[in-house]
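Asker:
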Amino acid sequence: MTQDLTSLKPQRPSLYRLAADGRSLDFLFTQCPACHALSFPANAPGCMHCGHPTADAEQVARPGGGTLLEYVTLHVPLVPGMPAPSIAGDIRIAEQVVEEGVIAVDDESALHPGMALRAVAMPLASGDSYGCAFVPAQEAAR
Ligand SMILES: [Zn+2]
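What follows is the structure in structure tokens.
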């Protein structure tokens with residue numbers, strides 16, 4: 053991992069940005085002014101927990117990652133440019149917030165439900181941007 057990711061743009065700038073370490077990602081949430089829970093993505097029209105309008109809510113960045121709930125190996129690409137086979141999982145990225153993500157491990161044997169994952173920047177084939185992938189948290193710390 054020697055590529056300078058800071059020169060690349062996020063593929064989905066409304067969802068995440070490069071963290072201070074230059075490799076992992078911060079996710080962008082909206083903090084509800086009424087119930088103080090986090091909603092994702094930040095540009096959702098209302099709080100996903102209580103429905104309160106979040107147009108004026110504060111946007112907060114939190115280290116991207118979460119708890120792996122379940123996962124499946126995909127043998128065809130979900131989106132153009134996605135390698136196959138790849139592993140997709142449901143990841144709880146905040147209290148009551150579950151997102152689907154790509155998990156960058158060689159095979160499912162490296163995974164188990166309940167493990168901690170960290171979001172990292174993955175350079176895309178286009179060469180000028182990065183996407184989001186998840187790796188086991190202890191791997192990201194290396
Ligand atoms: Zn709320």
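Be aware that the sequence shown starts at 53, since it is given in the numbering used here, and climbs by one per residue. Idealized CB from N, CA, C, for every residue including glycine.
R64: buried (16+ other C-beta within 10 angstroms of its C-beta) or exposed?
Answerer: exposed
Asker: Buried or exposed for G205, going by 16 or more other Cβ atoms inside 10 Å?
Answerer: Past the edges of the chain, shown from 53 to 194, lies residue 205, and the structure says nothing about it.
Asker: In whole angstroms, what is the alpha-carbon distance linking R114 and L80?
Answerer: 7 angstroms
Asker: Give the range of the beta strand (DSSP E) segment to which D78 is assigned.
Answerer: From DSSP, the beta strand (DSSP E) with D78 extends over L77 to Q83.
Asker: Which term fits L60, buried or exposed, when burial requires 16 or more other beta carbons within 10 angstroms of its beta carbon?
Answerer: buried
Asker: C184 bridges to which residues according to DSSP?
Answerer: A173
Asker: So is the beta-carbon of C102 under 7 angstroms away from any non-hydrogen atom of ligand 1?
Answerer: Under cutoff, so the answer is yes.
Asker: Among V149, D158, L163 and T82, which residue has its Cα nearest to the Cα of P137?
Answerer: D158
Asker: Under 7 angstroms from any heavy atom of ligand 1, does the C-beta of A94 make it?
Answerer: no
Asker: Alpha carbon to alpha carbon, how far is D142 from V187?
Answerer: Straight-line Cα distance between these residues: approximately 13 angstroms.
Asker: Would you identify the three-state DSSP class for E147, choosing helix, strand or coil?
Answerer: coil
Asker: Can you tell me where the beta strand (DSSP E) with T125 in it begins and where it stops?
Answerer: DSSP places T125 inside the beta strand (DSSP E), whose first and last residues are G117 to L126.
Asker: Along the beta strand (DSSP E) that carries R3, what are the first and last residues, could you check?
Answerer: Since the first residue shown for the chain is 53 and the last is 194, residue 3 is missing from the structure and cannot be characterised.
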